[in-house]
Each structure stands twice: as C-alpha cells, then as structure tokens.
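See structure below.
In our numbering, the protein residues as written are 4 to 137.
Here it is, written out as structure tokens:
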C-alpha cells in the first residue's frame, strides 16, 4: 500500500519558494534586459557574446544566432576558454531566466562586468518568431 501512495504523490509544479527567492535576489543584483533588446543587438550585429547556459542537448535543439554554449554547471571552469575578454558585452540566456540569472551574477563576480541577463523565456522568444538556429 505504501508504494501505491508514493506513486500517487504529485510532483511539485516548480522549484520551491526558496529557489524563486534566490533567483529574484540574483536578478536584483545584475543588469537585466528584455528579449526585444537582445533581438535588436542581434539585428544590429552588435559586437557582443550571446551566451546560452542551458545544457548542450537544449542548445543543440535550438539557440540564438551566433550563440555559444557553456552550461551553467560548468560556467566557472569553462567561460575563460570561450570568452577571454572580461570587458566583452555578454547577453546571457537559458530556458526560463533562472539558470541565466545565477550565471550572470556569477559572471559579474568573476569580473565580467558587462554580462547582462535576458529576462525572458526561450519558449517566448520562439513564439514571437524571433530568430533561432536549429
């Protein structure tokens, strides 16, 4: 009977409130831009890095034009080999702006002071018909 009860338990709809608070705290400490700002930067061919911090399989399924991929889990160790210029403008994004909020804060802490968060869901980017490389 216990196994039946456990199987019937509902999974949470999202992260617990503490995680949402942590994301909000990270966002309060960094510069945030809209999807429209990022789209404009792409269209103007702005000299910038578009950093996708999702996992490699998510990146492979579709990403912003010109984006590079360094997953959130390896950011501190691998960003140096991908972006050596700590003064570079970096637009950071992920699926829901959670991982990218933490990543942007981390980049700022590492000395990448021009890293900014695209505060938008990647799914919404697609729904708006903005450019995606597949």
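Where a beta carbon is used, it is the ideal one built from N, C-alpha and C, also for glycine.
Per the contact definition of three or more C-beta pairs closer than 8 Å, is the segment 43 to 55 in contact with the segment 15 to 24? Not touching, per the Cβ criterion.
For residue 42, I'd like the list of residues in its chain whose CB is within less than 6 Å of its CB, leaving aside the five on either flank, ordered along the chain. Answer for residue 42: 133, listed in chain order.
Under DSSP, the alpha helix (DSSP H) around residue 40 begins and ends at which residues? Per DSSP, residue 40 belongs to the alpha helix (DSSP H) from 38 to 46.
Is the beta carbon of residue 95 less than 8 Å from the beta carbon of residue 120? With contacts defined as CB atoms closer than 8 Å, residue 95 and residue 120 qualify as a contacting pair.
What residue ranges within the segment 48 to 78 form continuous alpha helix (DSSP H) runs of no fewer than 4 residues, ordered along the chain? Complete alpha helix (DSSP H) runs here, min 4: 59 to 64.
Could you name the residues that DSSP lists as bridge partners for residue 120? In the DSSP output, where bridge partners are listed per residue, residue 120 has 35, 95.
Measure the C-alpha to C-alpha separation of residue 106 and residue 98 and round it to an integer number of angstroms. About 13 Å.
Whether or not the segment 69 to 83 and the segment 121 to 129 are in contact is what I'm after, with contact meaning three or more pairs of Cβ atoms, one per stretch, closer than 8 Å; do they touch? The segment 121 to 129, when compared against the segment 69 to 83, does not touch it at the 8 Å Cβ threshold.
Kindly give me the distance between the Cβ atoms of residue 91 and residue 117, rounded to whole angstroms, as I take these residues to be in contact under 8 Å. About 6 Å separates the CB atoms of residue 91 and residue 117; that is less than 8 Å, so the two are in contact.
Using the Cα positions of residue 135 and residue 80, report the straight-line distance between them to the nearest angstrom. Here the alpha carbons of residue 80 and residue 135 stand approximately 27 Å from one another.
Residues near residue 33 in its chain [Cβ-Cβ closer than 8 Å; skip 5 each side]: These residues qualify, in order along the chain: 104, 107, 108, 111, 118, 119, 120.
Within its chain, find whatever has a CB closer than 6 Å to the CB of residue 86; leave out the 5 residues flanking it on each side and keep chain order. Short of 6 Å from the beta carbon of residue 86, and not among the five residues preceding or following it, lie these beta carbons of its own chain, in chain order: 52.
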